[in-house]
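The next block holds one structure in the form of C-alpha coordinates; read it before the comments.
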Amino acid sequence: MALQCRLSGATFQSLKLATIPISSSSSRFIFRTLPKTLNLALFSRHSAPKAPPFSVLIRNLSAPAVAAAPAAETSDIKVVKPQWNAAIDFKWIRDNKEAVAVNIKNRNSNANLELVLQLYDKMLNLQKEVERLRGERNNVANKMKGKLEPSERQKLIEEGKNLKEALTTLEEDLVKLRDELQIEAQCIPNLTHPDVPIGWEDSSKLRNMVGSPRKFDFPIKDHLQIGKELDLFDFDAAAEVSGSKFYYLKNEAVMLEMALVNWTLTEVMKRGFTPLTTPEIVRSSVVEKCGFQPRGENTQVYSIEDSDQCLIGTAEIPVGGIHMDSIVAESALPLKYVAFSHCFRTEAGAAGTATRGLYRVHQFSKVEMFILCRQEESDMYHEKLIKIEEDLFSSLGLHFKILDMATGDLGSPAYRKFDVEAWMPGLERYGEISSASNCTDYQSRRLGIRYRPSESPSTTSKKGKTNLAATKFVHTLNATACAIPRMLVCLLENFQQEDGSVIIPHPLRPFMGGVEAIYPKSR
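Residue numbers for the sequence shown follow our numbering, beginning at -7 and rising by one.
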(Lines of atoms letter the chains of each structure in order from A and count residues from 1; the text may use other names and numbers.)
(Lines give C-alpha, C1' and ligand atoms only; values in the text may rest on other atoms or scores of the structure.)
Protein backbone atom coordinates (compact mmCIF):
# COMPACT_ATOMS: atom_id res chain seq x y z
CA MET A 1 0.00 0.00 0.00
CA ALA A 2 1.53 3.27 -1.08
CA LEU A 3 1.81 6.16 1.34
CA GLN A 4 0.04 9.30 0.18
CA CYS A 5 2.76 11.97 0.01
CA ARG A 6 1.41 15.09 -1.66
CA LEU A 7 4.56 16.28 -3.38
CA SER A 8 5.21 18.24 -6.50
CA GLY A 9 5.19 14.75 -7.92
CA ALA A 10 3.15 12.67 -10.28
CA THR A 11 0.07 10.67 -9.48
CA PHE A 12 -2.01 7.74 -10.72
CA GLN A 13 -5.64 6.56 -10.70
CA SER A 14 -6.88 3.59 -8.72
CA LEU A 15 -9.48 1.24 -10.18
CA LYS A 16 -9.01 -0.83 -7.07
CA LEU A 17 -10.97 -1.58 -3.91
CA ALA A 18 -8.25 0.00 -1.79
CA THR A 19 -7.36 0.40 1.84
CA ILE A 20 -5.76 3.81 2.08
CA PRO A 21 -3.74 5.26 4.95
CA ILE A 22 -5.26 8.11 6.93
CA SER A 23 -2.55 10.29 8.43
CA SER A 24 -2.52 10.75 12.19
CA SER A 25 -0.51 13.18 14.30
CA SER A 26 1.97 10.49 15.33
CA SER A 27 3.24 9.89 11.77
CA ARG A 28 1.67 6.43 11.95
CA PHE A 29 -1.27 5.52 9.78
CA ILE A 30 -4.64 3.88 10.40
CA PHE A 31 -6.19 1.88 7.57
CA ARG A 32 -9.78 2.27 6.49
CA THR A 33 -11.44 0.12 3.83
CA LEU A 34 -13.28 2.06 1.15
CA PRO A 35 -16.58 1.00 -0.42
CA LYS A 36 -16.27 -1.13 -3.53
CA THR A 37 -16.37 1.68 -6.08
CA LEU A 38 -14.02 3.19 -8.59
CA ASN A 39 -11.44 5.12 -6.60
CA LEU A 40 -9.46 7.97 -8.08
CA ALA A 41 -6.02 8.55 -6.63
CA LEU A 42 -2.20 10.94 -7.86
CA PHE A 43 0.20 11.38 -11.31
CA SER A 44 0.61 15.19 -11.42
CA ARG A 45 3.93 16.96 -11.53
CA HIS A 46 3.18 20.27 -9.89
CA SER A 47 3.88 22.38 -6.73
CA ALA A 48 5.74 25.46 -5.06
CA PRO A 49 5.75 28.92 -3.30
CA LYS A 50 8.43 31.60 -3.42
CA ALA A 51 11.68 31.69 -1.46
CA PRO A 52 15.20 32.88 -2.19
CA PRO A 53 17.22 30.67 -4.54
CA PHE A 54 20.06 28.59 -3.16
CA SER A 55 22.83 26.39 -4.44
CA VAL A 56 23.33 22.92 -3.00
CA LEU A 57 25.18 19.80 -3.99
CA ILE A 58 23.15 16.99 -5.57
CA ARG A 59 22.79 14.27 -3.00
CA ASN A 60 20.87 11.16 -2.11
CA LEU A 61 17.24 11.83 -1.28
CA SER A 62 15.91 8.36 -2.14
CA ALA A 63 16.27 4.52 -3.32
CA PRO A 64 16.95 0.57 -3.75
CA ALA A 65 14.26 -2.05 -3.41
CA VAL A 66 13.18 -4.48 -0.73
CA ALA A 67 10.34 -7.00 -0.86
CA ALA A 68 6.98 -5.91 0.49
CA ALA A 69 6.29 -6.85 4.09
CA PRO A 70 3.05 -6.96 6.10
CA ALA A 71 2.16 -4.09 8.41
CA ALA A 72 3.38 -4.40 11.98
CA GLU A 73 0.79 -3.86 14.72
CA THR A 74 0.95 -1.91 17.94
CA SER A 75 -2.23 -2.63 19.92
CA ASP A 76 -5.08 -1.39 17.65
CA ILE A 77 -2.83 0.73 15.40
CA LYS A 78 -1.34 -0.68 12.23
CA VAL A 79 2.06 0.79 11.42
CA VAL A 80 2.68 1.12 7.69
CA LYS A 81 5.51 -1.13 6.55
CA PRO A 82 7.34 0.36 3.53
CA GLN A 83 7.24 -1.95 0.52
CA TRP A 84 10.79 -0.95 -0.39
CA ASN A 85 13.58 1.08 1.14
CA ALA A 86 15.16 4.16 -0.38
CA ALA A 87 18.94 4.63 -0.04
CA ILE A 88 18.60 7.96 1.73
CA ASP A 89 21.65 9.75 3.10
CA PHE A 90 20.11 10.87 6.38
CA LYS A 91 23.41 12.25 7.68
CA TRP A 92 23.70 14.53 4.66
CA ILE A 93 20.12 15.72 5.12
CA ARG A 94 20.82 16.49 8.79
CA ASP A 95 24.06 18.31 7.95
CA ASN A 96 22.30 20.37 5.23
CA LYS A 97 18.89 20.75 6.82
CA GLU A 98 18.59 24.49 6.03
CA ALA A 99 19.06 23.92 2.30
CA VAL A 100 16.73 20.92 2.33
CA ALA A 101 14.07 22.92 4.21
CA VAL A 102 14.20 25.77 1.67
CA ASN A 103 13.94 23.26 -1.17
CA ILE A 104 10.88 21.62 0.40
CA LYS A 105 9.24 25.03 0.76
CA ASN A 106 10.09 26.15 -2.77
CA ARG A 107 8.61 22.98 -4.22
CA ASN A 108 5.45 23.22 -2.13
CA SER A 109 6.07 19.76 -0.68
CA ASN A 110 4.36 18.61 2.51
CA ALA A 111 7.42 16.58 3.53
CA ASN A 112 7.99 16.91 7.29
CA LEU A 113 11.74 17.53 7.59
CA GLU A 114 11.66 18.14 11.35
CA LEU A 115 9.96 14.80 11.93
CA VAL A 116 12.51 13.07 9.69
CA LEU A 117 15.38 14.57 11.70
CA GLN A 118 13.72 13.67 15.00
CA LEU A 119 13.18 10.08 13.89
CA TYR A 120 16.76 9.88 12.63
CA ASP A 121 18.18 11.03 15.99
CA LYS A 122 15.94 8.57 17.83
CA MET A 123 17.11 5.79 15.52
CA LEU A 124 20.78 6.61 16.14
CA ASN A 125 20.28 6.60 19.91
CA LEU A 126 18.34 3.37 19.78
CA GLN A 127 21.02 1.76 17.60
CA LYS A 128 23.65 2.68 20.20
CA GLU A 129 21.58 1.13 22.97
CA VAL A 130 21.04 -2.03 20.93
CA GLU A 131 24.78 -2.30 20.29
CA ARG A 132 25.49 -1.78 24.00
CA LEU A 133 23.13 -4.59 25.01
CA ARG A 134 24.58 -6.87 22.34
CA GLY A 135 28.02 -6.24 23.78
CA GLU A 136 26.82 -7.07 27.29
CA ARG A 137 25.14 -10.22 26.03
CA ASN A 138 28.39 -11.31 24.35
CA ASN A 139 30.31 -10.67 27.56
CA VAL A 140 27.89 -12.85 29.50
CA ALA A 141 28.19 -15.60 26.89
CA ASN A 142 32.00 -15.48 27.11
CA LYS A 143 31.91 -15.75 30.92
CA MET A 144 29.67 -18.81 30.64
CA LYS A 145 32.46 -20.64 28.79
CA GLY A 146 34.72 -20.75 31.89
CA LYS A 147 34.54 -22.82 35.09
CA LEU A 148 31.94 -21.29 37.39
CA GLU A 149 30.27 -22.00 40.67
CA PRO A 150 26.66 -23.16 40.21
CA SER A 151 25.33 -20.00 41.85
CA GLU A 152 27.48 -17.78 39.64
CA ARG A 153 26.42 -19.69 36.51
CA GLN A 154 22.75 -19.35 37.48
CA LYS A 155 23.24 -15.63 38.00
CA LEU A 156 24.75 -15.32 34.51
CA ILE A 157 21.91 -17.37 33.01
CA GLU A 158 19.36 -14.97 34.52
CA GLU A 159 21.35 -11.96 33.36
CA GLY A 160 21.59 -13.38 29.84
CA LYS A 161 17.86 -14.07 29.78
CA ASN A 162 17.05 -10.52 30.85
CA LEU A 163 19.44 -9.10 28.26
CA LYS A 164 17.88 -11.23 25.53
CA GLU A 165 14.36 -10.07 26.39
CA ALA A 166 15.42 -6.42 26.54
CA LEU A 167 17.34 -6.74 23.28
CA THR A 168 14.40 -8.37 21.50
CA THR A 169 12.13 -5.50 22.53
CA LEU A 170 14.61 -2.83 21.47
CA GLU A 171 15.30 -4.55 18.11
CA GLU A 172 11.56 -4.63 17.38
CA ASP A 173 11.31 -0.95 18.28
CA LEU A 174 14.29 -0.21 16.02
CA VAL A 175 12.64 -1.93 13.06
CA LYS A 176 9.44 0.10 13.57
CA LEU A 177 11.43 3.31 13.95
CA ARG A 178 13.34 2.63 10.73
CA ASP A 179 10.05 2.00 8.94
CA GLU A 180 8.60 5.30 10.17
CA LEU A 181 11.76 7.13 9.18
CA GLN A 182 11.78 5.56 5.73
CA ILE A 183 8.14 6.45 5.09
CA GLU A 184 8.54 10.07 6.15
CA ALA A 185 11.84 10.55 4.31
CA GLN A 186 10.48 9.16 1.04
CA CYS A 187 8.23 12.25 0.90
CA ILE A 188 11.24 14.57 0.51
CA PRO A 189 11.53 15.72 -3.15
CA ASN A 190 14.72 15.87 -5.16
CA LEU A 191 16.95 18.90 -4.81
CA THR A 192 16.69 21.68 -7.38
CA HIS A 193 19.15 23.13 -9.88
CA PRO A 194 20.26 26.58 -8.62
CA ASP A 195 19.20 28.24 -11.91
CA VAL A 196 15.59 27.03 -11.69
CA PRO A 197 13.22 29.99 -11.12
CA ILE A 198 11.38 30.01 -7.79
CA GLY A 199 7.58 30.06 -7.84
CA TRP A 200 4.60 28.64 -9.68
CA GLU A 201 4.24 27.87 -13.38
CA ASP A 202 3.84 31.54 -14.32
CA SER A 203 7.33 32.16 -12.89
CA SER A 204 8.90 29.80 -15.43
CA LYS A 205 11.62 31.38 -17.56
CA LEU A 206 11.62 31.57 -21.36
CA ARG A 207 14.69 29.75 -22.62
CA ASN A 208 14.16 29.92 -26.37
CA MET A 209 11.54 30.84 -28.97
CA VAL A 210 11.66 28.92 -32.26
CA GLY A 211 9.94 30.08 -35.43
CA SER A 212 6.93 32.37 -35.60
CA PRO A 213 3.16 31.81 -35.77
CA ARG A 214 1.77 31.20 -39.23
CA LYS A 215 -0.42 33.99 -40.58
CA PHE A 216 -3.75 32.79 -42.00
CA ASP A 217 -5.80 34.70 -44.59
CA PHE A 218 -8.90 32.57 -44.00
CA PRO A 219 -10.97 31.60 -40.91
CA ILE A 220 -9.01 29.18 -38.70
CA LYS A 221 -10.60 25.89 -37.66
CA ASP A 222 -9.64 23.89 -34.58
CA HIS A 223 -8.57 20.25 -34.90
CA LEU A 224 -12.01 18.99 -33.88
CA GLN A 225 -13.70 20.69 -36.82
CA ILE A 226 -10.90 19.69 -39.19
CA GLY A 227 -11.05 16.08 -38.02
CA LYS A 228 -14.82 15.96 -38.44
CA GLU A 229 -14.70 17.38 -41.96
CA LEU A 230 -11.85 15.06 -43.02
CA ASP A 231 -13.34 12.05 -41.18
CA LEU A 232 -10.18 11.52 -39.10
CA PHE A 233 -11.55 10.61 -35.66
CA ASP A 234 -14.70 9.69 -33.79
CA PHE A 235 -15.19 10.81 -30.18
CA ASP A 236 -18.89 9.98 -29.97
CA ALA A 237 -18.53 6.28 -30.69
CA ALA A 238 -15.54 6.04 -28.34
CA ALA A 239 -17.57 7.70 -25.56
CA GLU A 240 -20.24 5.00 -25.95
CA VAL A 241 -17.65 2.22 -25.95
CA SER A 242 -15.14 3.48 -23.37
CA GLY A 243 -16.31 6.77 -21.85
CA SER A 244 -15.33 10.41 -22.25
CA LYS A 245 -11.81 11.43 -23.34
CA PHE A 246 -11.39 8.34 -25.53
CA TYR A 247 -11.33 8.41 -29.33
CA TYR A 248 -11.08 6.41 -32.53
CA LEU A 249 -8.51 7.53 -35.12
CA LYS A 250 -9.63 6.89 -38.69
CA ASN A 251 -8.32 6.96 -42.24
CA GLU A 252 -5.28 9.24 -42.73
CA ALA A 253 -5.09 10.01 -39.00
CA VAL A 254 -4.08 6.38 -38.41
CA MET A 255 -1.41 6.66 -41.08
CA LEU A 256 -0.26 9.96 -39.58
CA GLU A 257 0.14 8.41 -36.12
CA MET A 258 2.19 5.53 -37.52
CA ALA A 259 4.26 7.97 -39.58
CA LEU A 260 5.01 10.12 -36.53
CA VAL A 261 6.06 7.10 -34.49
CA ASN A 262 8.29 5.61 -37.17
CA TRP A 263 9.84 8.94 -38.18
CA THR A 264 10.56 9.85 -34.56
CA LEU A 265 12.09 6.44 -33.79
CA THR A 266 14.25 6.67 -36.92
CA GLU A 267 15.51 10.16 -36.10
CA VAL A 268 16.28 9.40 -32.45
CA MET A 269 17.99 6.10 -33.29
CA LYS A 270 20.35 8.05 -35.56
CA ARG A 271 21.56 9.72 -32.37
CA GLY A 272 22.60 6.44 -30.78
CA PHE A 273 19.44 5.47 -28.89
CA THR A 274 18.37 1.82 -28.55
CA PRO A 275 14.69 1.28 -29.50
CA LEU A 276 12.34 -0.44 -27.06
CA THR A 277 8.72 -1.41 -26.71
CA THR A 278 7.82 -1.78 -23.06
CA PRO A 279 5.36 -3.54 -20.77
CA GLU A 280 2.34 -1.29 -20.26
CA ILE A 281 1.40 -2.86 -16.93
CA VAL A 282 3.95 -2.53 -14.12
CA ARG A 283 4.13 -3.17 -10.39
CA SER A 284 2.99 -0.24 -8.28
CA SER A 285 6.27 -0.36 -6.36
CA VAL A 286 8.13 0.46 -9.61
CA VAL A 287 5.76 3.38 -10.19
CA GLU A 288 6.57 4.65 -6.69
CA LYS A 289 10.32 4.20 -7.12
CA CYS A 290 10.18 6.39 -10.22
CA GLY A 291 8.68 9.11 -8.03
CA PHE A 292 4.97 8.83 -8.83
CA GLN A 293 2.14 8.27 -6.32
CA PRO A 294 -0.18 5.60 -7.71
CA ARG A 295 -2.81 6.03 -5.03
CA GLY A 296 -2.64 9.67 -4.01
CA GLU A 297 -5.39 12.25 -4.42
CA ASN A 298 -6.19 13.35 -7.98
CA THR A 299 -3.96 10.60 -9.26
CA GLN A 300 -3.30 10.25 -12.96
CA VAL A 301 -2.53 6.52 -12.63
CA TYR A 302 -4.92 3.64 -13.24
CA SER A 303 -4.39 0.81 -10.73
CA ILE A 304 -5.65 -2.70 -11.48
CA GLU A 305 -8.19 -4.07 -9.03
CA ASP A 306 -7.04 -6.84 -6.67
CA SER A 307 -3.42 -6.62 -7.79
CA ASP A 308 -0.25 -4.63 -7.13
CA GLN A 309 -0.10 -3.49 -10.75
CA CYS A 310 -0.80 -0.24 -12.62
CA LEU A 311 -1.17 0.90 -16.21
CA ILE A 312 1.76 3.10 -17.18
CA GLY A 313 1.29 6.84 -17.66
CA THR A 314 4.65 7.08 -19.45
CA ALA A 315 7.33 4.70 -20.75
CA GLU A 316 9.71 6.43 -18.34
CA ILE A 317 8.45 3.98 -15.68
CA PRO A 318 9.14 0.59 -17.35
CA VAL A 319 12.35 1.88 -18.95
CA GLY A 320 13.50 3.18 -15.57
CA GLY A 321 12.93 -0.27 -14.12
CA ILE A 322 14.82 -2.20 -16.79
CA HIS A 323 18.11 -2.01 -14.83
CA MET A 324 16.54 -2.07 -11.38
CA ASP A 325 18.72 -3.52 -8.57
CA SER A 326 21.81 -3.85 -10.75
CA ILE A 327 25.35 -2.54 -11.09
CA VAL A 328 26.02 -1.28 -14.61
CA ALA A 329 29.54 -1.33 -16.03
CA GLU A 330 30.81 2.22 -16.32
CA SER A 331 32.03 1.41 -19.82
CA ALA A 332 28.39 0.74 -20.81
CA LEU A 333 27.33 4.29 -19.88
CA PRO A 334 25.54 6.22 -21.13
CA LEU A 335 22.62 3.89 -21.75
CA LYS A 336 20.27 5.68 -24.15
CA TYR A 337 16.81 4.27 -24.90
CA VAL A 338 13.95 5.43 -27.08
CA ALA A 339 10.74 3.63 -26.16
CA PHE A 340 7.35 3.41 -27.84
CA SER A 341 4.35 2.67 -25.64
CA HIS A 342 0.70 3.38 -25.07
CA CYS A 343 0.09 5.57 -22.04
CA PHE A 344 -2.91 5.74 -19.73
CA ARG A 345 -3.81 8.72 -17.53
CA THR A 346 -6.94 9.52 -15.55
CA GLU A 347 -6.60 13.27 -16.14
CA ALA A 348 -8.47 13.75 -12.85
CA GLY A 349 -9.68 17.31 -12.42
CA ALA A 350 -9.09 18.26 -16.08
CA ALA A 351 -11.99 20.09 -17.69
CA GLY A 352 -12.83 23.07 -19.87
CA THR A 353 -12.36 24.11 -23.48
CA ALA A 354 -8.56 24.08 -23.10
CA THR A 355 -8.68 20.30 -22.73
CA ARG A 356 -11.19 19.46 -25.45
CA GLY A 357 -10.62 17.03 -28.30
CA LEU A 358 -7.26 15.29 -28.54
CA TYR A 359 -5.45 17.69 -26.22
CA ARG A 360 -6.16 15.77 -23.01
CA VAL A 361 -7.19 12.12 -23.29
CA HIS A 362 -7.05 8.95 -21.20
CA GLN A 363 -5.08 6.78 -23.66
CA PHE A 364 -2.45 7.76 -26.19
CA SER A 365 0.72 6.66 -27.96
CA LYS A 366 4.06 8.23 -27.10
CA VAL A 367 7.75 7.95 -27.96
CA GLU A 368 9.95 8.58 -24.90
CA MET A 369 13.70 9.07 -24.57
CA PHE A 370 15.48 7.85 -21.43
CA ILE A 371 19.16 8.11 -20.46
CA LEU A 372 21.23 6.57 -17.65
CA CYS A 373 24.62 8.26 -17.29
CA ARG A 374 27.50 9.14 -14.96
CA GLN A 375 26.71 11.70 -12.29
CA GLU A 376 28.91 14.43 -13.75
CA GLU A 377 27.32 14.09 -17.21
CA SER A 378 23.61 14.56 -16.52
CA ASP A 379 23.53 18.34 -17.11
CA MET A 380 25.21 17.81 -20.47
CA TYR A 381 22.74 15.10 -21.52
CA HIS A 382 19.84 17.28 -20.39
CA GLU A 383 21.00 19.89 -22.90
CA LYS A 384 21.33 17.21 -25.57
CA LEU A 385 17.80 15.93 -24.96
CA ILE A 386 16.22 19.37 -25.32
CA LYS A 387 18.30 19.92 -28.48
CA ILE A 388 16.92 16.67 -29.96
CA GLU A 389 13.38 17.84 -29.20
CA GLU A 390 14.10 21.24 -30.75
CA ASP A 391 15.50 19.60 -33.89
CA LEU A 392 12.51 17.26 -34.24
CA PHE A 393 9.84 19.92 -33.85
CA SER A 394 11.70 22.46 -35.98
CA SER A 395 12.00 19.99 -38.85
CA LEU A 396 8.20 19.63 -38.82
CA GLY A 397 7.86 23.39 -39.21
CA LEU A 398 6.27 24.06 -35.82
CA HIS A 399 6.45 27.33 -33.89
CA PHE A 400 7.21 26.67 -30.23
CA LYS A 401 8.88 28.00 -27.09
CA ILE A 402 11.09 26.25 -24.55
CA LEU A 403 10.61 27.06 -20.87
CA ASP A 404 12.81 26.46 -17.84
CA MET A 405 10.05 25.40 -15.47
CA ALA A 406 9.73 26.96 -12.02
CA THR A 407 9.97 25.00 -8.77
CA GLY A 408 6.18 24.90 -8.49
CA ASP A 409 5.91 22.87 -11.69
CA LEU A 410 8.60 20.29 -10.90
CA GLY A 411 7.62 16.74 -10.03
CA SER A 412 9.31 15.13 -7.03
CA PRO A 413 12.00 13.37 -9.14
CA ALA A 414 13.00 16.35 -11.29
CA TYR A 415 16.13 18.38 -10.49
CA ARG A 416 15.37 20.55 -13.51
CA LYS A 417 12.72 20.41 -16.25
CA PHE A 418 12.40 22.07 -19.64
CA ASP A 419 8.93 22.19 -21.26
CA VAL A 420 8.20 22.66 -24.95
CA GLU A 421 4.97 24.51 -25.76
CA ALA A 422 3.84 24.68 -29.39
CA TRP A 423 1.48 27.21 -30.95
CA MET A 424 -1.95 25.71 -31.66
CA PRO A 425 -3.85 28.28 -33.76
CA GLY A 426 -7.21 26.53 -33.53
CA LEU A 427 -7.03 26.52 -29.75
CA GLU A 428 -5.54 30.05 -29.89
CA ARG A 429 -2.82 29.31 -27.37
CA TYR A 430 0.45 27.50 -26.73
CA GLY A 431 0.09 23.93 -25.51
CA GLU A 432 2.66 21.64 -23.95
CA ILE A 433 3.86 18.97 -26.38
CA SER A 434 7.00 17.77 -24.63
CA SER A 435 9.23 18.02 -21.58
CA ALA A 436 12.78 17.00 -20.67
CA SER A 437 13.76 16.29 -17.06
CA ASN A 438 17.04 15.66 -15.28
CA CYS A 439 16.21 13.49 -12.25
CA THR A 440 19.85 13.16 -11.09
CA ASP A 441 20.09 10.19 -8.68
CA TYR A 442 16.56 10.48 -7.23
CA GLN A 443 15.13 7.58 -9.23
CA SER A 444 18.30 5.46 -9.28
CA ARG A 445 18.54 5.55 -5.48
CA ARG A 446 15.01 4.21 -5.32
CA LEU A 447 15.45 1.72 -8.16
CA GLY A 448 18.90 0.59 -6.97
CA ILE A 449 20.78 1.33 -10.20
CA ARG A 450 24.53 1.85 -9.67
CA TYR A 451 27.77 1.81 -11.61
CA ARG A 452 31.32 1.10 -10.47
CA PRO A 453 33.87 3.73 -11.57
CA SER A 454 36.50 1.97 -13.67
CA GLU A 455 39.26 4.55 -13.18
CA SER A 456 38.97 4.83 -9.41
CA PRO A 457 41.99 3.35 -7.61
CA SER A 458 41.30 -0.02 -5.98
CA THR A 459 43.02 -1.07 -2.78
CA THR A 460 44.50 -4.34 -1.62
CA SER A 461 43.64 -5.70 1.80
CA LYS A 462 46.09 -7.35 4.23
CA LYS A 463 44.89 -10.74 3.01
CA GLY A 464 45.92 -9.85 -0.54
CA LYS A 465 42.37 -9.39 -1.85
CA THR A 466 41.62 -6.47 -4.16
CA ASN A 467 38.91 -4.12 -2.89
CA LEU A 468 36.89 -2.73 -5.79
CA ALA A 469 36.08 0.96 -6.01
CA ALA A 470 32.83 2.00 -4.35
CA THR A 471 29.77 2.07 -6.57
CA LYS A 472 27.89 5.25 -7.43
CA PHE A 473 24.28 5.83 -8.39
CA VAL A 474 23.63 6.62 -12.04
CA HIS A 475 21.75 9.76 -13.03
CA THR A 476 18.53 9.35 -15.03
CA LEU A 477 16.93 11.68 -17.55
CA ASN A 478 13.73 11.47 -19.58
CA ALA A 479 12.25 13.46 -22.45
CA THR A 480 9.23 13.16 -24.72
CA ALA A 481 10.18 12.76 -28.37
CA CYS A 482 6.61 12.63 -29.64
CA ALA A 483 3.24 12.56 -27.84
CA ILE A 484 0.91 11.60 -30.67
CA PRO A 485 -2.43 13.30 -29.86
CA ARG A 486 -0.95 16.74 -29.21
CA MET A 487 1.28 16.41 -32.23
CA LEU A 488 -1.84 15.68 -34.30
CA VAL A 489 -3.43 18.83 -32.89
CA CYS A 490 -0.37 20.85 -33.96
CA LEU A 491 -0.16 19.39 -37.45
CA LEU A 492 -3.87 19.64 -38.26
CA GLU A 493 -4.24 23.19 -36.98
CA ASN A 494 -0.96 24.64 -38.29
CA PHE A 495 -1.05 23.05 -41.75
CA GLN A 496 -4.76 23.46 -42.58
CA GLN A 497 -5.55 24.99 -45.96
CA GLU A 498 -8.37 27.21 -47.17
CA ASP A 499 -9.85 24.38 -49.26
CA GLY A 500 -10.21 22.20 -46.13
CA SER A 501 -7.16 20.05 -46.77
CA VAL A 502 -4.16 19.57 -44.48
CA ILE A 503 -0.59 19.54 -45.82
CA ILE A 504 1.69 16.74 -44.54
CA PRO A 505 5.15 18.04 -43.46
CA HIS A 506 7.91 16.83 -45.81
CA PRO A 507 9.78 14.63 -43.24
CA LEU A 508 6.64 12.53 -42.67
CA ARG A 509 5.70 11.90 -46.31
CA PRO A 510 8.05 8.91 -46.87
CA PHE A 511 6.41 7.28 -43.82
CA MET A 512 2.92 7.84 -45.27
CA GLY A 513 3.52 6.15 -48.58
CA GLY A 514 4.19 9.45 -50.30
CA VAL A 515 0.88 11.07 -49.26
CA GLU A 516 1.41 14.85 -49.39
CA ALA A 517 -1.94 16.10 -48.10
CA ILE A 518 -5.22 14.98 -46.54
CA TYR A 519 -8.22 16.10 -48.60
CA PRO A 520 -11.96 16.15 -47.88
CA LYS A 521 -13.46 12.83 -48.93
CA SER A 522 -15.73 14.50 -51.52
CA ARG A 523 -12.70 15.19 -53.77
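Glycine included, each C-beta is placed from N, C-alpha and C at the ideal position. Keep in mind it's a predicted model, so treat the numbers as computed, not measured.
Run of the alpha helix (DSSP H) containing residue i, from where it starts to where it stops
| i | result |
| --- | --- |
| isoleucine 180 | Counting along the chain, isoleucine 180 falls outside any alpha helix (DSSP H), and DSSP gives it neither H nor E. |
| aspartate 87 | 82 to 87 |
| methionine 479 | 476 to 486 |
| asparagine 134 | 105 to 136 |
| arginine 438 | 434 to 439 |
Own chain residues within Cβ distance below 8 Å of residue i, not counting five before or after
| i | result |
| --- | --- |
| glycine 505 | Met247 |
| serine 196 | Pro189, Leu395, Asp396, Met397, Ala398, Asp401 and Asp411 |
| leucine 173 | Phe82, Val108, Leu111, Tyr112 and Met115 |
| lysine 264 | Residue identity check: residue 264 is glycine in the sequence provided, not lysine. Here the set comprises Lys328. |
Alpha-carbon to alpha-carbon, residue j and residue i
| i | j | result |
| --- | --- | --- |
| leucine 419 | serine 436 | 39 Å |
| serine 333 | threonine 270 | 6 Å |
| phenylalanine 227 | leucine 216 | 10 Å |
| valine 279 | cysteine 482 | 30 Å |
| threonine 256 | leucine 268 | 13 Å |
| serine 236 | isoleucine 319 | 44 Å |
| glycine 1 | alanine 307 | Reliability fails at glycine 1, whose pLDDT of 41 lies under 50, so the model's placement of it is uncertain and the value that follows must be treated cautiously. Each residue's Cα considered, the two are about 16 Å apart. |
| threonine 472 | alanine 93 | 31 Å |
| phenylalanine 356 | leucine 169 | 43 Å |
| isoleucine 542 | leucine 105 | Outside the shown range of the chain, which is -7 to 515, sits residue 542, and nothing can be said about it. |
| leucine 198 | alanine 79 | 35 Å |
| proline 405 | threonine 266 | 23 Å |
| cysteine 365 | alanine 324 | 9 Å |
| glycine 389 | lysine 242 | 24 Å |
| arginine 206 | arginine 352 | 24 Å |
| alanine 231 | arginine 348 | 13 Å |
| methionine 361 | glutamine 301 | 23 Å |
| glutamine 285 | leucine 484 | 34 Å |
| leucine 303 | aspartate 209 | 44 Å |
| serine 370 | alanine 245 | 37 Å |
| glutamate 249 | isoleucine 476 | 6 Å |
| serine 295 | alanine 229 | 25 Å |
| serine 429 | proline 512 | 40 Å |
| valine 507 | proline 497 | 10 Å |
Sheet register partners of residue i (DSSP bridge)
| i | result |
| --- | --- |
| leucine 241 | Phe225 |
| lysine 328 | Ile363 |
| threonine 468 | Leu364 |
| valine 494 | Gln488 and Ile510 |
| leucine 198 | Leu395 |
| leucine 268 | Ala331 |
| tyrosine 422 | Trp415 |
| isoleucine 273 | Leu303 |
| asparagine 543 | A query on residue 543 cannot be resolved here, the shown segment of the chain reaching from -7 to 515 and no further. |
| arginine 444 | Ala321 |
Contact set for residue i: own chain, Cβ-Cβ below 6 Å, skip 5 residues either direction
| i | result |
| --- | --- |
| isoleucine 363 | Pro326, Lys328, Tyr373 and Leu469 |
| phenylalanine 82 | Tyr112 |
| isoleucine 495 | Phe487 and Ala509 |
| cysteine 474 | Leu252, Thr256 and Val359 |
| leucine 480 | Leu350 |
| valine 132 | Leu148, Glu151 and Gly152 |
| valine 466 | Leu364, Ser436, Ile441 and Tyr443 |
Opening and closing residue of the beta strand (DSSP E) in which residue i lies
| i | result |
| --- | --- |
| phenylalanine 516 | Given that the chain is displayed from residue -7 to residue 515, the structure contains no residue 516 and the question cannot be resolved. |
| lysine 281 | Careful: lysine 281 lies outside any beta strand (DSSP E), inside the alpha helix (DSSP H) at 276 to 281. |
| leucine 350 | Here leucine 350 belongs to no beta strand (DSSP E), and DSSP marks it neither H nor E. |
Coarse secondary structure for residue i, derived from DSSP in three states
| i | result |
| --- | --- |
| arginine 263 | coil |
| valine 320 | strand |
| threonine 306 | coil |
| threonine 458 | strand |
| serine 333 | strand |
| arginine 99 | coil |
| phenylalanine 356 | strand |
| serine 299 | coil |
| lysine 409 | strand |
| aspartate 214 | coil |
| phenylalanine 503 | helix |
| proline 74 | coil |
| arginine 206 | coil |
Own chain, CB closer than 7 Å to residue i, minus 5 neighbours either side, in chain order
| i | result |
| --- | --- |
| glutamate 163 | Val122 |
| glutamate 128 | Leu155 |
| alanine 158 | Leu125 |
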